[in-house]
Amino acid sequence: MLANTLYLTFHGIGAPIVPPAEGELRYFVTADVFRRTIAGLGELEAKTGVEAHVTFDDGNISDYEVALPTLVEHGRRGIFFVLAGRIGQQGYLSAAQIREIAAAGMTIGSHGHDHVDWRRLDAAGRRRELADARKTIEDALGAPVAYASIPFGGFDQAVLRQLKAERYDRVFTSSTGLTYRDVWFCPRRSLTETFDPATGLMPLASAEQKARGLAYRIARRLRYRW
1 MLANTLYLTF HGIGAPIVPP AEGELRYFVT ADVFRRTIAG LGELEAKTGV EAHVTFDDGN
61 ISDYEVALPT LVEHGRRGIF FVLAGRIGQQ GYLSAAQIRE IAAAGMTIGS HGHDHVDWRR
121 LDAAGRRREL ADARKTIEDA LGAPVAYASI PFGGFDQAVL RQLKAERYDR VFTSSTGLTY
181 RDVWFCPRRS LTETFDPATG LMPLASAEQK ARGLAYRIAR RLRYRW
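Counting along the sequence shown from 1, when you hit position 131 you're at 131 in the numbering used here, and nothing is skipped either side.
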């Protein structure tokens, strides 16, 4: 079966409150672009047969101030991946806001602790990012965390094995393309500052993208053997 599920990823909405790291500003979209994208998902699903979902990385305060009310308005659910080391810091979600997001029917996941490349860490570093960070987020949330999002989309076989060992139910990355409902390894499409939902949304769910999603899934499973 061709790929039939689209996950969109947002990193920040509106102007960042704290200066982003080099290269990250391009992943901030305006509030207008975000709202028009969410408003257009119903039409995309109706015309393409693709199921659309929304995720958020980094735990920026815009997740609470802009994303949450917009999703609620449109009857949508989202997955919010939080950086444990930034909880409560200026420009990022507080523990109380994380709980409010979850209480509104959203899912909270882990994006690690310090937004570092998990491929470059030793055993202690990976434990901090994959296990300790998860526990910190669970303590703030008051509930289990079952999903993880890999920073920078950077993974290799060792990272995937560690995520399996930590018993994450699903793992999300920035590998592009469509995917399937409820698969363990879940590629997503990160939207950038130049994205225009009026012209850019429908092509993400085209017949070509559905076929590519199937091909990419087969290739990844053969290469990484998760």
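Glycine included, C-beta positions come from ideal geometry on N, C-alpha and C. None of the values given here were measured: they were computed from a predicted structure.
Using the Cβ count rule (16 or more neighbours within 10 Å means buried), how would you classify residue i?
{"i": "Met1", "result": "exposed"}
{"i": "Ala124", "result": "exposed"}
{"i": "Asp182", "result": "exposed"}
{"i": "Gln97", "result": "buried"}
{"i": "Ser62", "result": "buried"}
{"i": "Gln157", "result": "exposed"}
{"i": "Thr229", "result": "The first residue shown for the chain is 1 and the last is 226, placing residue 229 beyond what the model contains."}
{"i": "Leu71", "result": "buried"}
{"i": "Asp122", "result": "exposed"}
{"i": "Leu222", "result": "exposed"}
{"i": "Ala67", "result": "buried"}
{"i": "Trp118", "result": "buried"}
{"i": "Arg161", "result": "exposed"}
{"i": "Ser206", "result": "exposed"}
{"i": "Asp169", "result": "exposed"}
{"i": "Glu73", "result": "exposed"}
{"i": "Ile150", "result": "buried"}
{"i": "Arg120", "result": "exposed"}
{"i": "Ile218", "result": "exposed"}
{"i": "Arg126", "result": "buried"}
{"i": "Gly42", "result": "exposed"}
{"i": "Val171", "result": "buried"}
{"i": "Pro69", "result": "exposed"}
Starting from residue i, follow its DSSP beta bridges and name the residues at the other end.
{"i": "Ile13", "result": "Val29"}
{"i": "Tyr224", "result": "BP columns for Tyr224 are empty, so no partner."}
{"i": "Tyr7", "result": "His53"}
Assuming residue i and residue j are in contact, meaning their beta carbons sit under 8 Å apart, how far apart are those beta carbons, in whole angstroms?
{"i": "Thr173", "j": "Arg189", "result": "Not a contact, Cβ separation roughly 11 Å."}
{"i": "Phe80", "j": "Gly40", "result": "Not confirmed; about 21 Å, so no contact."}
{"i": "Leu93", "j": "Tyr64", "result": "6 Å"}
{"i": "Leu130", "j": "Leu163", "result": "7 Å"}
{"i": "Ala102", "j": "Ala143", "result": "7 Å"}
{"i": "Met106", "j": "Gly75", "result": "Contact flag wrong, Cβ pair sits at about 12 Å."}
Would residue i count as contacting chain C if we go by Cβ distances under 9 Å?
{"i": "Ala96", "result": "In the structure shown, chain C cannot be found, because there is only a single protein chain."}
Residue ranges of each alpha helix (DSSP H) within the region 79-114, 4 or longer: 95-103
Touch test, the region 127-140 against the region 186-204, Cβ-Cβ under 8 Å, three pairs minimum: no
4 or more residues per run - each alpha helix (DSSP H) lying fully within the region 22-77: 31-48, 68-73
Touching by the beta-carbon criterion (3+ pairs, under 8 Å), the region 3-10 and the region 40-59: yes
Length-filtered (3 minimum) beta strand (DSSP E) runs lying within the region 132-209: 147-149, 170-172
Validate contact between the region 80-88 and the region 204-221 using beta carbons, cut 8 Å, 3 pairs: no
At least 3 beta-carbon pairs within less than 8 Å: the region 30-37 vs the region 13-20: yes
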